[in-house]
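**Q** Below is a structure I'd like to ask you about.
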Amino acid sequence: MSSPPRNEVVARLEPTVADTVATLGFDLEELDVQQAGRRRLVKVVIDADDGVGLDDITDVSHAVSDVLDTHEHVLAGSYTLEVTSPGVDRPLTKVRHWRRARNRLAKLRLTDGSELTARVGDAEDGTVVVLAGGRIRQLAYRDIEHAVVEVEFQQPPAKELAELDRAADAVGRHDDDGEDTEDSR
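1 is the number of the first residue of the sequence shown in UniProt numbering; add one for each residue after it.
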């Protein structure tokens, strides 16, 4: 039996895998299917607002495995399933990535070629607030060419977090617990 092309397999499986992952409270960040000898390697990358733990990986692995077993005809044979979470070097490409990176340090390359290291504040659909060089800036995502979270081995300075909170309060973006609330725009 001949195997369907890789892109076709991913396109056919992605909606079902995404639904399964979402049912368990996670986002499907990536689905990849590669040929590995006689088997296929199915790689599922998941994420969530509160992070992903080992028990979560196990739960998602079982659920996705059950779904893939019912779609054997798409995979056209045996497969190996790998479920993982994004690495720290994952680029910040979606609004949810920026929201999850709140209060984290990030290295940004802007479309004008400049680079900056900034603490991430509130993220909205079109913009993100950052603290860079001691000042608050609001950047449009379209002006950010590339961004990744920087690994820090200590807690962020309280002064920086307070400054980001003041910036958020100034535009009414979150309540006292730091949770996003709806603007009256």
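Here a beta-carbon is modelled for each residue, glycine too, at the ideal position from N, C-alpha and C.
Owing to the predicted nature of the structure, the values given are computational and were not obtained by experimental measurement.
(1) Would a C-beta distance cut-off of 8 Å place Thr-117 and Val-67 closer than the cut-off?
(2) For Val-33 versus Arg-6, is the C-beta distance shorter than 8 Å?
(3) In chain order, what residues of the same chain have a beta carbon less than 8 Å from the beta carbon of Asp-177, not counting five sequence neighbours either side?
(4) Express the C-alpha separation of Asp-69 and Arg-87 in angstroms, rounding to a whole number.
(5) Does DSSP put Thr-16 in a helix, a strand or coil?
(6) Which of the three DSSP states is assigned to Asp-175 in this structure?
(7) Of the residues Asp-112, Glu-160 and Pro-156, which one's Cα is nearest the Cα of Leu-131?
(8) Measuring alpha carbon to alpha carbon, tell me which residue in Ile-144, Val-74 and Ser-61 is nearest Thr-85.
(9) Tell me where the alpha helix (DSSP H) around His-146 begins and ends.
**A** Walking through what the data contain:
(1) Cβ distance not < 8 Å, so Thr-117 and Val-67 don't count as in contact.
(2) In this structure, Arg-6 lies closer than 8 Å to Val-33 by Cβ.
(3) Confidence at Asp-177 is low in this model, with a pLDDT of 43, below 50, so the placement of that residue is unreliable and no value is reported for it.
(4) One point to set straight first is that residue 87 is Gly, not Arg, in the sequence displayed. Separation of Gly-87 and Asp-69 (C-alpha to C-alpha, rounded to the nearest whole angstrom) is 27 Å.
(5) If DSSP states are grouped into helix, strand and coil, Thr-16 belongs with the helices.
(6) Interpretation of Asp-175 is limited by its pLDDT of 43, a score under 50 that renders its predicted location unreliable; no figure is taken from the coordinates.
(7) Ranking Asp-112, Glu-160 and Pro-156 by Cα distance to Leu-131 puts Glu-160 first.
(8) The sequence shown places Ser at residue 85, rather than the Thr named in the question. Looking at the Cα atoms, Ser-61 is the closest of the given residues.
(9) Counting along the chain, His-146 falls outside any alpha helix (DSSP H), though it belongs to the beta strand (DSSP E) covering 144-149.
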